[in-house]
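Each residue of the sequence shown is one higher than the last, beginning at 1 in the working numbering. Note that beta-carbon positions come from the ideal geometry of N, C-alpha and C, so glycine has one too. The structure displayed is predicted, hence computed values, not measured ones.
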Amino acid sequence: ASDVPQLQGFAAGLLRDYDAVRNGLTLGWSSGAVEGAVCRIKAIKRQIYGRANFDLLRRRVLLST
Numbered sequence: 001a002s003d004v005p006q007l008q009g010f011a012a013g014l015l016r017d018y019d020a021v022r023n024g025l026t027l028g029w030s031s032g033a034v035e036g037a038v039c040r041i042k043a044i045k046r047q048i049y050g051r052a053n054f055d056l057l058r059r060r061v062l063l064s065t
């Protein structure tokens, strides 16, 4: 019922993904731990970008746990 186009778009997106939104708000489990691990690996990749190959990235990820 809003006249704000951005709010209308946000509401439409919530309705389009209603099942995912409901599950995210009501279920007891979370993907937070996985997201944290992905964020940590991406930070390591940014630190060594252009300096090393996959072997060094693998060692850094395994040693930083």
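How big is the Cα-Cα spacing for residue i and residue j?
i, j, result
"residue 64", "residue 23", "33 Å"
"residue 48", "residue 33", "23 Å"
"residue 15", "residue 21", "9 Å"
"residue 26", "residue 17", "14 Å"
"residue 52", "residue 6", "43 Å"
"residue 59", "residue 31", "25 Å"
"residue 41", "residue 1", "43 Å"
"residue 36", "residue 13", "25 Å"
"residue 38", "residue 55", "18 Å"
"residue 19", "residue 11", "14 Å"
Using 8 Å for Cβ pairs, my map puts residue i next to residue j. What's the rounded Cβ distance?
i, j, result
"residue 44", "residue 57", "7 Å"
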